[in-house]
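In the numbering used here, the protein residues as written are 2 to 630. Even glycine gets a Cβ: it sits at the ideal position worked out from N, Cα and C. To start, the structure under review is shown below, and the notes come after it.
Printed below as a string of structure tokens:
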């Protein structure tokens, strides 16, 4: 009955994403970095770069705005529709005190400042910035790096702010003669694009104005001059081409998407592109007026145009699915349940062990369900295995570790599986969060690597190998600790030792075949077999270490304690192959290069050496004492 309940719960959870959902502004497709994604993902990543988070917290909002926070999409439309209102939001995160002082800003404990403050300060540093921009990267000071980042963030913010200005109703037509000539009502507000569409009506008025003497200008002429001044002012925003939300008219996937401003400048707007722009223009007008009903209706029309005119370019269902995934934060829920499972297990060692251990295991399985579901959604969205980036490999390895731990707990029912699963799941999730903060976690691979067949074989296999190898290493820690804690329980220790041995065999199977498949992939992709590639050679080292330890154990050259220590040290080999080689910056795996992790790797190695060797000698001394007695 419990199994059926779990299955039913998972089906209901899965149904939540598979059921259709109304299209909203977060789902507007945009093209960036080689893939089509929802506007929600795009603006979340933009906000992450500028602000450091994917949504705005209350402390960054003005005091008069009674809010629990602001989503990235709402923030984007706020700054795009009314820049002055957007200036109230403190979204520029400047943590370097020297930069803050150089910009003439007050020191804010939260390091948050608004656009107007930062822009005013940057104007005093433009000469210095232009000088610094010409320097080689290795000559830049920390002050220079942080100042250039602030400058880059301001430019990015400006590009976002003005990206839709050509579609906003910024030009009011008051003169009845001009209104009549343009076929609008006096008092109507028009956009830059509306006047562009009325160019055949506006041109005669302009020609007549140019022929007029300055002393003979009428009120209509003066207003026309004012209108032209506004048009010229708006025209200065054409640098804001960041928002590539208009698909190619031809529907050809090889053609580039364009921003509204790019279309304004080229004037080559296809009929379907025109429909999209007009519909988007209406949506923005209704959003300014806070007319939710009409804006929802217009968005439905926008979706209809996308579905009928550009259906071959993308899957709108997947776009909506990604938006839902962004909001669901499944991996955060997973972390919370892993931590809860760990805490309940600790409490179970003090009171009500049977009941609390069951609840703890249920929490672990709940975390595993969210974890698995999050990865499943990534597979559906990207149409490929979820192991093409360092971030994805981390969350996938943690999933493998938790699955192994859950199976161990199901068989043993003694809490060891819960202990291991909760630690592995939460720890690797936290490591993954560091890479998630780099931006889009669903990014595209370079073309030569973006092969579903090889991702599904080599990369998935070797990543499972990483996960099972780390699992065997954690089991090694458990064996040594149990030997120290209860060296007389021979039956229990023999079972744990068998688990370490079995996990190592399982890990060897996947790392061996994953490494062989990696060589074949390299040969087919680059035309040569490995060369000297650190990543593949690192994987080979894992295989060699595991084969060595298995031979030593089978031949009796090392005893269970030594074998457990060997698998703990295997964790170091795995981490060096998985992360360490990325620091070298050479080899075929250039897509995986990373910086700033050397200290963390060194700390991990030190931890494994200290705990592994320390518990090994402690356990050995315990055995010697028992033998002596």
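Pick from the options that is closest to residue i, judged by C-alpha positions
i, options, result
"residue 429", "461, 414 and 392", "392"
"residue 1", "472, 459, 568 and 486", "Look at the range of the chain in this structure, 2 to 630, and you will see that residue 1 is not part of it."
"residue 362", "423, 28, 50 and 241", "423"
"residue 403", "116, 303, 471 and 72", "471"
"residue 95", "105, 329 and 131", "105"
"residue 607", "619, 622, 620 and 576", "576"
"residue 260", "235, 341 and 33", "33"
"residue 130", "149, 605 and 69", "149"
"residue 58", "31, 77, 91 and 78", "91"
"residue 235", "262, 306 and 457", "262"
"residue 242", "113, 274 and 165", "165"
"residue 151", "169, 126, 171 and 163", "126"
"residue 145", "492, 338 and 128", "128"
"residue 371", "338, 197 and 382", "338"
"residue 280", "195, 366, 163 and 171", "195"
"residue 390", "414, 437, 413 and 171", "437"
"residue 51", "73, 257, 37 and 60", "73"
"residue 546", "247, 568 and 276", "568"
"residue 555", "100, 230 and 505", "505"
"residue 245", "37, 461, 629 and 135", "37"
"residue 659", "550, 133, 398 and 489", "Past the boundaries of the shown model lies residue 659; the chain is included only from 2 to 630, so the question cannot be answered."
Residue i CB to nearest heavy atom of the ligand NAD below 8 Å
i, result
"residue 316", "No copy of the ligand NAD occurs in the structure displayed, which carries no ligand at all."
Residue i - containing alpha helix (DSSP H), residue span
i, result
"residue 302", "293-310"
"residue 351", "Looking at the DSSP string, residue 351 is not in any alpha helix (DSSP H), and its letter there is neither H nor E."
"residue 220", "220-236"
"residue 157", "143-162"
"residue 629", "599-629"
"residue 431", "417-437"
"residue 1", "The structure shown does not extend to residue 1, since the chain is modelled only from 2 to 630, so the question has no answer here."
"residue 568", "561-579"
"residue 467", "461-486"
"residue 547", "535-555"
"residue 405", "391-413"
Chain-order list of residues whose beta-carbon lies under 6 Å from that of residue i (same chain, five-residue window excluded)
i, result
"residue 379", "387"
"residue 566", "613 and 617"
"residue 1", "The requested residue 1 does not occur in the structure, where the chain is confined to residues 2 to 630."
"residue 433", "392, 395 and 396"
"residue 591", "With a pLDDT of 45 at residue 591, under the threshold of 50, the predicted position of this residue should be treated as unreliable, though the coordinate-derived value follows. Once the five neighbours on either side are set aside, residue 591 has no close Cβ partner at all."
"residue 375", "331 and 332"
According to DSSP, residues forming a beta bridge with residue i
i, result
"residue 72", "56"
"residue 1", "No information on residue 1 is available, as it lies outside the stretch 2 to 630 that the chain covers here."
"residue 36", "33"
"residue 247", "259"
"residue 173", "190"
Exposure label - residue i; buried when at least 16 CB within 10 Å
i, result
"residue 627", "exposed"
"residue 102", "exposed"
"residue 254", "exposed"
"residue 341", "buried"
"residue 192", "buried"
"residue 268", "exposed"
"residue 238", "buried"
"residue 486", "exposed"
"residue 225", "buried"
"residue 216", "exposed"
"residue 633", "With the chain covering only 2 through 630, there is no way to say anything about residue 633."
"residue 572", "buried"
"residue 535", "buried"
"residue 448", "Unreliable positioning characterises residue 448 in this predicted model, as indicated by a pLDDT of 49, which lies under 50. The coordinate reading is nonetheless provided below. By the 10 Å Cβ count, residue 448 comes out exposed."
"residue 461", "buried"
Cutoff 7 Å; reference residue i; Cβ partners in own chain excluding five residues on either side
i, result
"residue 516", "463, 537, 540, 541 and 544"
"residue 611", "none"
"residue 252", "311, 313 and 314"
"residue 114", "91, 93, 95 and 106"
"residue 161", "47, 77, 80, 81 and 243"
"residue 287", "295, 296 and 299"
Close-in-space but distant-in-sequence residues of the same chain around residue i (CB under 8 Å, 5 per side omitted)
i, result
"residue 357", "345, 346, 348 and 349"
"residue 54", "48"
"residue 581", "539 and 602"
"residue 369", "335, 400, 403, 404, 407, 422 and 426"
"residue 560", "none"
"residue 317", "24, 28, 30, 304, 307 and 308"
"residue 187", "174, 175, 176, 177 and 180"
"residue 492", "none"
"residue 205", "182"
"residue 498", "480, 561, 564 and 565"
Residue i at chain C interface by Cβ criterion, 9 Å
i, result
"residue 141", "As a matter of chain content, chain C is missing from the structure shown, which is built from one protein chain."
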